[in-house]
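Mapping of the sequence shown onto this note's numbering: position 213 corresponds to residue 217, and the numbering continues sequentially without gaps.
Note that beta-carbon positions come from the ideal geometry of N, C-alpha and C, so glycine has one too.
Because the structure is a prediction, the values reported are computed rather than measured.
Encoded as structure tokens, the structure appears first; notes follow it.
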Amino acid sequence: MKPAAFAYLRPGSVDEALELLERHGADAKPLAGGQSLVPAMNFRLAQPAVLVDLNGVADLAGIAAADGGLRIGAMTRQRAVERSAFAAERAPLLAETLPFIAHPQIRNRGTVGGSLAHADPAAELPAVMVAAQARLLLRRRGGERRVEAERFFTGLFATALEPGELLTAVELPAMAPRTGWAFAEVSRRHGDYALVGVACLVTLDGRGRCASARVALLSVGEGPVLAPSVAAALAGAAPTPEAVRSAAEEVDADVDPPSDIHASAAYRRRLARVLTRRALTRAFDRAASR
């Protein structure tokens, strides 16, 4: 397959990229790593009239500290974050998740911002950002705004990005003391899209009880799905195996998984419960050790 005809533009700065996106409006599409957009263009599922290649904009890549947490430029390759000891220290949930994304060849080209802007409901990074309460920096000519990850993903392959706007970076806040993390997913083969995945962060109080919990799932809805029922069931509870198992059962109230050729909705619900229990158990163990 070959893509439909398009104009190709390669800006050298963020300002130039924003000017091009504003000028061409809905006809323009930013190109980051191209691991999702290019196949979609080849199958003519996406037919942008103008492709704005961001690979020449060096300012959009990089890993840096931000208020005790982590700031990652949108054009930072997933493999670069995966190999960063600094990123692993500041955002261990993200570091644990990255090896689950496709294959090394994909992560060598795929970008953090590209995956978030694409908003695939089966992608790992959106769920991680929701669980971590990350903020996404959206910039347009004349202004910038920060959007919480939970509000950035608005539907199936849909985000809060507006025409002429560009995702430039993502900020993950510092983890509180006595916080544990875990990621778990099931796929038919390693590197395939997950049938279900779970990302979670839990924090213990001074008595060893659950002070807070954030559980986000993928492949169970039209985007990353936060599980407030699980968090409510854990609030103030000692993280015993029985309490964790009971809380994991509450995920049923938060997910509405689809049925497809890969798995039925009932099977995905079962996976959601099992993976939530496993992830929470590991996260609480880590929190206790910290």
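> When you compare each of R286, K6, L25 and A69 to G168 by their alpha carbons, which one comes out closest?
Replying inline: Ranked by Cα distance from G168, the options R286, K6, L25 and A69 are led by L25.
> Per DSSP, R139 forms a beta bridge with which residues?
Replying inline: Partner residues in the beta bridge of R139, as assigned by DSSP, are E152 and E175.
>> I'd like the list of long-range same chain contacts for L238, defined as Cβ closer than 6 angstroms, with 5 residues on each side in sequence excluded.
In response: Counting only Cβ-Cβ distances below 6 angstroms, and skipping sequence neighbours, we find C214, A217 and A251.
> If you compare alpha carbons, which of P108, G159, A36 and A291 is closest to G60?
Replying inline: Among P108, G159, A36 and A291, the Cα nearest to that of G60 belongs to A36.
> Residue range of the alpha helix (DSSP H) that S233 falls in?
Replying inline: Its alpha helix (DSSP H) spans residues P232 to L238.
> Less than 9 angstroms separating the beta-carbons of H122 and S17?
Replying inline: Taking 9 angstroms as the Cβ cut-off, H122 and S17 do not qualify as a contacting pair.
> Looking at the structure shown, is T101 part of a helix, part of a strand, or coil, going by DSSP?
Replying inline: Assigned with DSSP and collapsed to three states, T101 falls in helix.
> Thinking C-beta only, is L221 closer than 9 angstroms to G195?
Replying inline: No. Outside cutoff.
> Can the beta-carbon of L140 be found less than 9 angstroms from the beta-carbon of L74?
Replying inline: Cβ atoms of L140 and L74: not closer than 9 angstroms.
> Which two residues bound the contiguous alpha helix (DSSP H) that contains G120?
Replying inline: It should be noted that the sequence gives Leu, not Gly, for residue 120. Looking at the DSSP string, the run of the alpha helix (DSSP H) that includes L120 is V116 to H122.
> From A257 to R272, what distance separates their C-alpha atoms?
Replying inline: Taking the straight line from one Cα to the other gives about 13 angstroms.
>> Pop quiz: A21 and L58 are said to be a contact at Cβ under 8 angstroms. What is the actual Cβ separation, rounded to whole angstroms?
In response: At roughly 6 angstroms, the Cβ-Cβ gap stays under 8 angstroms, so A21 and L58 are in contact.
> Using CA coordinates, which residue listed in L199, A198, G240 and L230 is at the minimum distance from D209?
Replying inline: Nearest option by C-alpha distance: G240.
>> Using C-beta distances below 8 angstroms, list every residue in its chain close to K33, excluding the 5 sequence neighbours before and after it, in chain order.
In response: In chain order, L41, A50, P52, V54, L55 and V56 place their CB closer than 8 angstroms to the CB of K33, counting only its own chain and leaving out the 5 sequence neighbours on each side.
> Where S223 and V229 are concerned, what is the direct C-alpha to C-alpha distance, given to the nearest angstrom?
Replying inline: CA-CA distance, S223 to V229, rounds to 9 angstroms.
> If you run the structure through DSSP and keep just helix, strand and coil, what is P219?
Replying inline: At residue 219 the sequence reads Val, which differs from the Pro that was named. In this structure, V219 counts as strand in the three-state DSSP scheme.
>> Given this structure, state the Cα-to-Cα distance separating A231 from A11, to the nearest angstrom.
In response: Cα-Cα distance, rounded: 43 angstroms.
>> For a minimum of 3 consecutive residues, which ranges assigned as the beta strand (DSSP E) are wholly contained in the stretch 31-77?
In response: If only complete runs of 3 or more residues are kept, the stretch 31-77 shows the beta strand (DSSP E) at 32-35, 54-57, 67-70 and 73-77, in order along the chain.
> Which residue from G184, V255 and G118 puts its Cα closest to that of P96?
Replying inline: Of G184, V255 and G118, the smallest CA-CA separation from P96 is found for G184.
> According to DSSP, which residues form a beta bridge with Y12?
Replying inline: Paired residue(s): L55.
> By the 10 Å Cβ neighbour count, where 16 or more other Cβ atoms means buried, how is F47 classified, buried or exposed?
Replying inline: F47 should be labelled exposed.
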